[in-house]
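Only one structure is covered here, and it is reproduced in the block below.
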Amino acid sequence: MKTEILQYDLEKALEAVLAFSRETNYYGLLNTILTKMMELTNADAGTLYVAEDEQLVFRIMKTISLNIYKGAHENIDLPPIRLDGDHIDNISAYAAIKNELINVDDVYEDARFNFSGPKNYDKLTGYRTKSMLAFPLSTTEGEVIGVIQLINAQDGAGAVIAFTAAFDTSVLLALASASANALANILYAKEIDELFHSFVRVMTKAIDERSAYNVNHTNNVAKLCGAFAEYLTSQYPKGHDYHFSENRQSQLVMAAYLHDVGKIVTPLHIMDKMDRLGDQTESLQYRFDIAALQNPGMSAKLAEAWSIIEAANTSGFMTDEKVEQIKALADLKYIDRDGEPAPILSGQNIESLTVRKGTLTDDERKIMQEHAAITHRLLDNMKFNKSYRHVPTWASSHHEYLDGTGYPYGLSGGEVELEMCILTIMDIYDALTAGDRPYRRAMPSEKACEILKSMAGEGKLHKELVTMFIESGIGR
Numbered sequence: 000m001k002t003e004i005l006q007y008d009l010e011k012a013l014e015a016v017l018a019f020s021r022e023t024n025y026y027g028l029l030n031t032i033l034t035k036m037m038e039l040t041n042a043d044a045g046t047l048y049v050a051e052d053e054q055l056v057f058r059i060m061k062t063i064s065l066n067i068y069k070g071a072h073e074n075i076d077l078p079p080i081r082l083d084g085d086h087i088d089n090i091s092a093y094a095a096i097k098n099e100l101i102n103v104d105d106v107y108e109d110a111r112f113n114f115s116g117p118k119n120y121d122k123l124t125g126y127r128t129k130s131m132l133a134f135p136l137s138t139t140e141g142e143v144i145g146v147i148q149l150i151n152a153q154d155g156a157g158a159v160i161a162f163t164a165a166f167d168t169s170v171l172l173a174l175a176s177a178s179a180n181a182l183a184n185i186l187y188a189k190e191i192d193e194l195f196h197s198f199v200r201v202m203t204k205a206i207d208e209r210s211a212y213n214v215n216h217t218n219n220v221a222k223l224c225g226a227f228a229e230y231l232t233s234q235y236p237k238g239h240d241y242h243f244s245e246n247r248q249s250q251l252v253m254a255a256y257l258h259d260v261g262k263i264v265t266p267l268h269i270m271d272k273m274d275r276l277g278d279q280t281e282s283l284q285y286r287f288d289i290a291a292l293q294n295p296g297m298s299a300k301l302a303e304a305w306s307i308i309e310a311a312n313t314s315g316f317m318t319d320e321k322v323e324q325i326k327a328l329a330d331l332k333y334i335d336r337d338g339e340p341a342p343i344l345s346g347q348n349i350e351s352l353t354v355r356k357g358t359l360t361d362d363e364r365k366i367m368q369e370h371a372a373i374t375h376r377l378l379d380n381m382k383f384n385k386s387y388r389h390v391p392t393w394a395s396s397h398h399e400y401l402d403g404t405g406y407p408y409g410l411s412g413g414e415v416e417l418e419m420c421i422l423t424i425m426d427i428y429d430a431l432t433a434g435d436r437p438y439r440r441a442m443p444s445e446k447a448c449e450i451l452k453s454m455a456g457e458g459k460l461h462k463e464l465v466t467m468f469i470e471s472g473i474g475r
């Protein structure tokens, strides 16, 4: 009979080990570990604790006969158990501290440990806690990373029996070690993933805080991308292009967090240029003052010229008439330090003031646009595992348009992946509605959505995604 039990235990243990090796999700593995341990011992109830910060934290609780299941993603509202000498009378704490398996045939007849908790639970629920087993989840290196507590082993007829009569404990301990190793691997991967995400958060903060006018952009775009991916997933079934798996959404959000990392090298005087002249204003004003001192009779003309310059400097759009007014000021002269006549307005001044829309000259715009290519070059030097392999390409393609007029690659049509389309839409929307941009006031959501629809109508943006984004109301 013992040989039959052992054979049965080994078969069930092998099934459990295979289940542990297949599970890659942290909470999924916790659930699998407790479930398999309960199946192997035919236990009616079980609790899985994880060792964190010198204490055992409740993670999963199950009682089959009472149809109770708590844990996984929800928090269990029970205080953790401290792993110190003051709590050694707790059976689970003892199992963790001593790294031992403890078997109790009947908690009401055992004086080794303090069983006030189970007894109070029995009074409240009418349950009868009898046999109990507590054992550590200990890795091959001897590190205890958790404890499992099982309650009420049952025979084939459902009667409660002692755990030692139900299985071979050596098989259980071997299985506990295998599950602990699997859990340690996931925890290590989780720790590495957290380290990676913390690095991304640091990079994001460094980028956004370079400019007083860009402090919320990256976070806003990431939130919009995440929320829109969730919305699409809620509207479409698995297998559809618009349905996002957890990993796909995670990659999209990560790409959003890193999409402007190239701005770390963009000159601040270009990134923060509030008006057309930018940092040229002070030197130009100085030349006007010198000219007025050199020729008092020109004061009125110079004052009028300066009014034209001030108007052009902050104009929303430069019409042909305004451009000609600026160009006409090229004849204004002053005597430079060498005693020679020189233009008050330099060629750079005139080029800047005659920019039709926005604040950047063509050369400055090219420098600004380089951030997308620089993003790719910087991220290309990072080692992204397969779970984040798309991040560098998606992040650097947030200015690509479907009609091929975007940058840095000039992609078009099917070359622009769905995730790139989403990131581009969210980047444009936040740029339009942001209240911290130096060159324009925040635009109402409705007007920004009209611009998105217009760009989609021109073939630049994904028309269906733009429509769904507006319908979702996420931007509002």
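Residue numbers (numbering that gives the first Met the number 0): 0 to 475.
Just so you know, even glycine gets a beta-carbon here, dropped at the ideal spot from N, CA and C.
Closest Cα partner of A179 within the set E457, S137, L77: S137
Reduced DSSP category for M273 - H, G, I as helix; E, B as strand; rest coil: coil
Let me check one thing: in DSSP terms, what residues is M131 bridge-paired to? V103, I150
Does the beta-carbon of Y187 have 16 or more other beta-carbons within 10 angstroms, so that it is buried, or is it exposed? exposed
Grab the span of the alpha helix (DSSP H) containing M37 for me, first residue to last. 25-40
Segment limits, alpha helix (DSSP H) that includes G409: First-last for G409: undefined, no H or E at that position.
Where does I336 sit, in a helix, a strand or coil, going by DSSP? Residue identity differs from the one stated: residue 336 is Arg in this sequence, not Ile. Three-state DSSP puts R336 in coil, outside helix and strand.
Using a threshold of 8 Å, state whether the C-beta atoms of I96 and M131 are closer than that. no
Taking contact to mean at least 3 C-beta pairs separated by less than 8 Å, is the segment 106-115 in contact with the segment 154-161? no
By how many angstroms is the C-alpha of I373 removed from the C-alpha of S351? 25 Å
Cβ-Cβ distance between I343 and F287 below 8 Å: yes
Report the option in E10, D76, M442, A177 whose CA atom is closest to the CA atom of Y428. M442
Could you tell me which whole alpha helix (DSSP H) segments of length 4 or greater appear in the segment 182-270? 216-234, 245-257, 267-270
Among all the DSSP beta bridges, which residues are the ones paired with T46? M60, Q148
As assigned by DSSP and simplified to three states, the class of L136: strand
Closest Cα partner of D192 within the set M270, G405, K385: K385
The alpha helix (DSSP H) spanning K300 covers which residue range? 298-312
Could you tell me the distance, in whole angstroms, from the CA atom of R440 to the CA atom of T318? 20 Å
In terms of residues, what are the limits of the alpha helix (DSSP H) holding Y68? Counting along the chain, Y68 falls outside any alpha helix (DSSP H), though it belongs to the beta strand (DSSP E) covering 67-70.
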